[in-house]
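For the sequence shown, position 118 (counting from the first letter as 1) is numbered 216 according to the working numbering, and the numbering increases by one without interruption.
Step one of this worksheet: look at the structure below.
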Amino acid sequence: MRVLVTGSQGAIGRVVVPGLAGHGHEVVGMDIVQGADHRVDCTDPEAVDALVEQVRPDGIVHLAGVPTESSLPVALTSHVISTAALLEAMVAHGVPRIVYASSNHAVGQTPRTDLVGVDTRPRPDTFYGVGKVAAEALLSRYADRHGVDAVALRIGSFLERPEQRRNLSTWLSHGDTVRMVNAALTAPAPGFAVLYGISNNTRAWWDLEAGRALGYEPQDDAEDFAEEITAAPESDTDRADAAHVGGSFATAEYERSAFGD
Ligand code: 15L
């Protein structure tokens with residue numbers, strides 16, 4: 099497939115671009131910063147339309163966006179406007195599929211009890227999470243109205259290796275990231291689908307079933323790092339981060355006003 103990757107110069111993009119090329123895809127990168135194949139702001143609908151018309155991809159992997167909490171206007175522009183710009187361009191130029199980097203923070207305020215499935219209600223912990231929920235809603239709307247295949251990946255903690263206790267449940271390894279994006283790009287006719295983007299973690303907080311149904315078979319497990327990570331006694335921060343699936347984003351530390359900084 100020819101695949102257009104937004105945010106190609108970001109942390110996930112730098113892993114996904116070579117990873118998809120390794121799966122035999124022709125990858126075209128776009129980013130707002132220098133170094134990408136195309137320097138384009140994906141919140142600019144006209145620029146996005148022109149690029150999609152030029153590249154004519156078979157699929158888009160949308161990774162671009164402010165990856166943490168911000169004000170509501172910033173979150174809406176970064177996650178919702180950019181996604182709408184891409185979806186509009188897809189409809190205009192017949193691009194059949196989008197794979198979207200959503201986040202666990204779309205459901206981050208869910209109390210940590212049982213395994214969380216994709217059928218749980220949207221429960222964002224931040225304006226960042228609100229942006230991800232709204233972007234997922236856009237994917238659903240364009241899937242229903244225009245028949246695009248749209249797969250939202252609710253990514254956990256994308257890291258080279260787990261760094262703290264929460265990551266024993268939330269880790270997504272680099273290798274599994276590429277496997278997951280490739281599965282979401284190539285699964286036959288997924289329509290609108292949501293899956294959780296984590297590795298095959300023994301202590302997983304999210305159900306991997308929806309991803310497996312699309313052919314995502316994670317191969318790494320954060321448990322390999324458990325001994326090292328649990329060697330230090332559990333701190334108050336660890337305990338607070340384990341109360342809700344969104345971790346620190348669901349705590350007072352991330353309290354903001356909608357229009358503040
Ligand atoms: C995310 O979605 C964020 O982009 C990242 O900064 C981490 O907070 C991650 O989730 C996580 O939950 O660990």
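For every residue, glycine included, the Cβ atom is placed at its ideal position computed from N, Cα and C.
query: Comparing the C-beta of F357 with each C-beta of chain D, is any distance below 9 Å?
result: Among the protein chains of the structure shown there is no chain D, as only one such chain exists.
- prompt: Just to confirm, does G105 get its C-beta within under 8 Å of one of the non-hydrogen atoms of the ligand 15L?
  reply: no
- prompt: Considering only the beta carbon of each residue, do F256 and A173 sit closer than 9 Å?
  reply: no
Which residues DSSP lists as bridging S200, in chain order: R252
task: For my contact list, I110 and T141 are in at a C-beta cut-off of 8 Å; report their separation, rounded to the angstrom.
output: With 8 Å as the limit, I110 and T141 do not qualify as a contact, their Cβ atoms being about 18 Å apart.
message: Taking the beta carbon of V113 as the centre, do at least 16 other beta carbons fall within 10 Å, making it buried, or is it exposed?
response: buried
Proximity test, T208 beta-carbon vs the ligand 15L heavy atom, cut-off 8 Å: no
- prompt: For the putative contact between R301 and E332, defined by C-beta atoms under 8 Å, what is the C-beta separation to the nearest angstrom?
  reply: Their Cβ separation, rounded to whole angstroms, is 13 Å, which puts R301 and E332 out of contact at 8 Å.
query: In three-state terms, what does DSSP make of F41?
result: With the chain represented from 99 up to 359, any question about residue 41 goes unanswered, as that position is not in the structure.
- prompt: Below 9 Å between beta carbons: does that hold for H136 and V153?
  reply: yes
Where D212 sits in the DSSP three-state scheme: coil
- prompt: Any idea if G309 is buried or exposed, counting beta-carbon neighbours within 10 angstroms, 16 or more meaning buried?
  reply: buried
Three-state secondary structure assigned by DSSP to L312: coil
field: Close Cβ partners of Q107 (< 6 Å) along its chain, the five nearest in sequence each way excluded
entry: D129, V131, G133, A134
task: Could you tell me if the beta carbon of I327 falls within a distance shorter than 8 Å of some heavy atom in the ligand 15L?
output: no
- request: Tell me where the beta strand (DSSP E) around F290 begins and ends.
  value: 290–295
message: Quick check: does the Cβ of I253 come within less than 8 Å of any heavy atom belonging to the ligand 15L?
response: yes
- prompt: Heavy atom of the ligand 15L less than 8 Å from the Cβ of P165, yes or no?
  reply: yes
- prompt: Should A190 be labelled buried (16 or more other beta-carbon atoms within 10 Å of its own) or exposed?
  reply: exposed
query: Do you know whose CA, among A148, D147, L184, lies nearest A162's CA?
result: L184
message: If I follow the unbroken alpha helix (DSSP H) through V372, where does it start and stop?
response: In the structure as shown, the chain begins at 99 and stops at 359. Residue 372 is therefore absent and cannot be evaluated.
Rounded straight-line distance, which links the Cα of D334 to that of A341: 11 Å
Contiguous beta strand (DSSP E) assignments of at least 3 residues, all confined to the stretch 144–199: 157–160
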